[in-house]
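Here is the structure we will look at.
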Amino acid sequence: MDYLSAARERLIRAQARVTVPPRVQTAGRYGFYLGALVFASAPYWLGGIYYPDIWTDMALWGTIGLGLNVVIGFAGLLDLGYMAFYAIGGYVFANAALYHGFSLWEAMPIGAVLSVVASAIIGFPTLRVRGDYLAIMTLGFGGIVYYAAQNMTSLTGGYNGLFGWKTQSILGHPFASPIDFYPLALGLTVVAALVTRALRGSRVGRAWSCIKDDEVAAGAAGIPIIRYKLYAYMVGAVWAGLAGAIFAVKQNIVSPETFTFNQSFFAVAVVIMGGMGSITGVILGGVLYVVIAEWMVTYTGTLSGVIFSSLLLLVVLLRPQGLIPFRPRPPRWLLRHYLEDPARGTAGVSQPDG
Amino acid sequence: MSANPTAEPLLRVSGLTVAFGGVVAVSDVSFDLPAGEILGMIGPNGAGKTTVFNAISGVIKGYRGEVRLLGRSLRGRNAQQIVAAGIARTFQNIRLFRSLTVIEHVLAGQHRRIRENMVDSALHTPRFRQAEIDAVRQARAILDFVGLDQVDPGARALSLPYGLQRRLEIARALATEPRLLMLDEPAAGMNTAESIDMSRLVRNVRERGVTVLLVEHDMRVVMSVCDRIVVLNFGKIIVQGPPEKVREDPDVIAAYLGSESST
Amino acid sequence: MSLQELLQQIANGLVVGSVYGLIALGYTMVYGIVRLINFAQGGLYEVGAYLGVFFFTLMGKFGLQYPIPAVLITLVISMTLTGALAFVVERVAYRPLRNAPLLAPLVSSLAMFFLLISVVQVVTGAEPLTYPSVLSPAPLHLGPIVLSPTSLIIFFAAILLMVGMQQFVRRTKVGKAMRATAANREAAALMGINTTRIVSLTFVLGGAMGAAAGILYGVNYGTVTYDMGEFGGLVAFTAAVMGGIGNVPGALVGGLTVGVLSSFASTFLPNQWNEAIVFAILILILAIRPQGILGERVAERA
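Protein chains in written order, with our numbering: chain L, 1060 to 1413; chain P, 6 to 268; chain U, 40 to 341.
Here it is, written out as structure tokens:
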């Protein structure tokens, strides 16, 4: 009996070999970094007002995509009211700047915190229900924030919105021209990318993936499901809250029209088209959104909704994993520690590259 | 392995009754599971074995009767609270995570014990790295234990062959450091050699000090590893006792062994 | 509020609610069979309403004066066309994703909804359109309640359609096949039911009901707008959930309840908060009682 199982064991082992794949450090990889750098610096060598403005929009939509990616891509929750948090960030800044003399620096964290508080308040009752119900509830929440922006005139200025704060500045550097906002917006995108990427590769990110894949099995692994859904919702809200404040400063106005259901729908499209879970993918999604929207405003007028929904439909049907699919892999340094377990040594196992 | 008979058993199920919209799936089921034992639960299809599992593990909440772990009632606790109390389980139809790799399954099972907060996770602080390294070493020990030591830890779990997926599910459950491990048909669909391996793994689990509740159709496995067996039929316990007694019980032969070709 | 006002509000709410109930029927039937929120239903309702305007106007040009035949012909044509559109929606946005994870068909039906309302917006230039008034505006006095003849006809037409649909599902052979498919698709297929055809048919019937609701809404309020599908779709979805999603008579109960609730909300609160209140009610209902008033009959399987 023991002889038989030992043979079986050998067979099992022969089927799989432990390897850590070498890091792909090819020309293609460097080319990608170089291309990204050239693209990100474009407003500086293209100059003017138009390009820096467009690139700032790209950075803001990249951030929106990254934030919503935590909710949809990491945790698998369909949120159709995400722009509500963008609105909160914008209105909080406008109020703080207009009536309390706060600067952008001081108002941004407040907007982020209030976005998170709002996400906790809406998330607490909604995250217990099934995924499709959640989608509808977030749609309703987005609607409430939109109508509140229209009607709570004392806080939001109603249809006209809020405007007229003094020019913001950082270290004596005024935010006047679009090129002044661009580094700020791009910096936010980079921070959002790094932080959400770090979270994805941590205990929190694993918990989100488990919940996305199979809630019953996640519960059986001891993961507190509701709490982690709430975390995803709250972490996602942070980035919209911060980006909303920058957007307000850039536009010089906050008004309800920027936070409609359409905008939330576009945010979902950015994440799905870019590639759920993929950091590079959703940034690309945000960039593409701005490019297409800009192109369409210029050439096609009102067709934007038609083109966008058709594109989204095509992606879902033909390439459901998005333009840049996310391929989960544990980090290499972790795998190296796995193989270097002192108790066993590394003999018989293929070495990681140096 | 014999527990002190006067002490509270590890698990005590008393008068468990579960009904689905008027259909009684499990009726008045009571049994004790002392620490260190391997208890088998057998019965024909639809006898209510998985329902008992689901009630104990918190997947089904609306039941009558009591489930106690070391004297404390598990009523009203959700799945992860029951895991925290020390009960882990596997599923009859394997439930692994589509987007996770082999090693990440074990790390997910260790979730509650990895000491890193949100800030550590977001900034990859030294504490984060240390916590992850510790976790990965433990994960390796667990993978070695269940016989997955030669599997690529970075491979998608669903790319593993069927038998290894079952082992990975057991590894995930063991990673929660349970007192009680509930296995739902771990040897289903396996050939003779594989089910002998599985029996050995179940015994090894017990050697680690983990009590086992085993639902299984494969009589070779049940008869060779279980200290005691509970037989369910139509949602009720018809016999419980040691394998030799159960094997010869006329009711069991009529209800179960007689109806299938047994070994 | 006096008793008379109270009754009046209830009556108004019932009229609106019957329209919501019709849309909800589409959600609930599709959900019962494929376990999917068909977001496109809100779009189909809107398309139906606009097709209604088109055909009413067309018939006016041909000098068809008699209101009742005009309404009937418009209903039949628009329901047929919208049903055909729903057939396409199912083929394009749902069928290829039948075995995909839940998020995929949800997003594709959302995209479909957005596509439908965008097309309406482009074709009509985002301008509200006016429905021709088909009946004399002279109000009817029913005891203390005042209602226009139009609203009465709308109410009864909606109820008639819903009861008809329920009888269809309950009594006909096809209806029986639908119920079997909803209860257990695999088993139904094994019994020789062409479940693919049943799913198509369900989408078509749901779309047709949505179109009927759109026309009745237009006739009642006199105007249709390109964003009506968003609000109407949401409210009707709430109605479907309230009545217990998957439950055909529940759609009617849910529709009427939501109608009366929103009618009260608009009495007690300033008008511009109307929508926000309906959304809040929606969130509350989904959070507190997601299984609905009548319960989720179809999904009751062990």
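Glycine residues also receive a C-beta, built at the ideal position from the N, C-alpha and C atoms.
Asked                                                                                                                                                                   : Found
Just by C-beta distance, which residues in the region 1199 to 1218 of chain L are closer than 8 Å to chain U?                                                           : Gly-1199, Phe-1200, Gly-1202, Ile-1203, Tyr-1206, Ala-1207, Gln-1209 and Asn-1210
Is Thr-95(P) closer than 8 Å to Glu-174(P) when the C-beta atoms are compared?                                                                                          : yes
Along the chain, where does the alpha helix (DSSP H) that runs through Glu-166(U) open and close?                                                                       : Glu-166(U) -> no alpha helix (DSSP H), and no H or E assigned at all.
Using the Cα positions of Leu-1343(L) and Val-72(P), report the straight-line distance between them to the nearest angstrom.                                            : 52 Å
So does the region 74 to 93 of chain P actually touch the region 1235 to 1246 of chain L, counting three or more Cβ pairs closer than 8 Å?                              : no
With H, G and I counted as helix, E and B as strand and the rest as coil, what does DSSP make of Val-236(P)?                                                            : strand
Residues in the same chain with beta-carbon distance under 7 Å from Val-1097(L), minus the five sequence neighbours each way, listed in chain order, please.            : none
Just grab the DSSP bridge partners of Glu-71(P) for me.                                                                                                                 : Ser-19(P)
Going along chain L, which residues have a C-beta under 8 Å from Ala-94(P)?                                                                                             : Position check: residue 94(P) holds Arg in this sequence, whereas Ala was assumed. Those are Ala-1279, listed as they occur along chain L.
What do you reckon, are the CB atoms on Leu-1372(L) and Ser-239(U) nearer than 8 Å?                                                                                     : no
Shortest alpha-carbon distance to Arg-77(P) belongs to which of Gly-63(P), Arg-17(P) and Lys-54(P)?                                                                     : Arg-17(P)
On the CB-based measure, 16 or more other CB atoms within 10 Å of its CB, does Arg-1215(L) come out buried or exposed?                                                  : According to the sequence as given, residue 1215(L) is Thr; it is not Arg. When all chains shown are included, Thr-1215(L) counts as buried.
With 8 Å set as the bound, which would you pick, yes or no: does the beta-carbon of Ile-242(P) sit closer than that to a beta-carbon of chain L?                        : no
Just the Cα atoms here: how many angstroms apart are Val-292(U) and Gly-283(U)?                                                                                         : 9 Å
Taking 8 Å as the threshold (C-beta atoms), are Ala-247(U) and Thr-121(U) in contact?                                                                                   : yes
Tell me which same chain residues have a C-beta within less than 6 Å of the C-beta of Gly-63(P), skipping the five on either side of it?                                : Arg-82, Asn-83, Ala-84 and Ile-87
Can you tell me whether Glu-44(U) is buried or exposed, with buried defined as 16 or more other CB within 10 angstroms of its CB?                                       : exposed
Between which two residues does the beta strand (DSSP E) containing Gly-48(P) stretch?                                                                                  : Taken as a continuous stretch (DSSP letters only), Gly-48(P) belongs to no beta strand (DSSP E), as it is neither H nor E.
So is Ser-1268(L) in contact with chain P if we call contact Cβ pairs under 8 Å?                                                                                        : yes
Run the CB neighbour count on Gly-2(P), radius 10 Å, all protein chains shown included, and call it buried at 16 or more, exposed below.                                : Here chain P covers residues 6 to 268 and nothing more, so residue 2(P) does not appear.
Show which residues of chain L have a CB atom less than 8 Å away from the CB atom of Leu-105(P).                                                                        : Arg-1265, Ser-1268, Cys-1269, Asp-1272 and Pro-1387
Please say whether Glu-199(P) and Gly-168(P) have beta carbons closer to each other than 8 Å?                                                                           : yes
Can you check the region 1222 to 1281 of chain L for any alpha helix (DSSP H) of at least 4 residues that lies completely inside it and give the ranges in chain order? : 1237 to 1259, 1262 to 1272 and 1274 to 1279
Mind checking if Gly-159(P) is an interface residue toward chain L, Cβ cutoff 8 Å exclusive?                                                                            : yes
Would you say Arg-177(P) lies against chain L (beta-carbon separation less than 8 Å)?                                                                                   : yes
Pop quiz: Trp-1120(L) and Tyr-1287(L) are said to be a contact at Cβ under 8 Å. What is the actual Cβ separation, rounded to whole angstroms?                           : The Cβ separation is near 26 Å, so there is no contact.
Does DSSP put Gly-283(U) in a helix, a strand or coil?                                                                                                                  : coil
Taking its Cβ as the centre, do 16 or more other Cβ atoms sit within 10 Å of Gln-245(P), making it buried, or is it exposed?                                            : buried
Please compile the residues from chain L whose C-beta is within a distance smaller than 9 Å of the C-beta of Ile-76(U).                                                 : Asp-1191, Tyr-1192, Ala-1194 and Ile-1195
Quick one: is Glu-129(U) buried, meaning 16 or more other Cβ sit within 10 Å of its Cβ, or exposed?                                                                     : buried
What does DSSP give as the partner residue(s) for Phe-242(U) in the beta ladder?                                                                                        : In DSSP, Phe-242(U) forms no bridge with anything.
Pick from Leu-1139(L), Leu-1105(L), Trp-1164(L) and Gly-1149(L): whose alpha carbon is nearest that of Phe-1306(L)?                                                     : Gly-1149(L)
What is the DSSP secondary structure of Phe-1014(L), reduced to helix, strand or coil?                                                                                  : Residue 1014(L) lies beyond the stretch modelled for chain L, which goes from 1060 to 1413, so this question has no answer here.
Let me check understanding here. Comparing Cα to Cα, which of Ala-1143(L), Thr-1339(L) and Leu-1163(L) lies closest to Ser-1314(L)?                                     : Ala-1143(L)
On a Cα-Cα basis, can you pick out the residue from Leu-83(U), Gly-331(U), Leu-321(U) and Glu-314(U) that is closest to Val-243(U)?                                     : Leu-83(U)
Measure the Cβ-Cβ separation of Asp-254(P) and Val-220(P) and say whether it is below 8 Å.                                                                              : no
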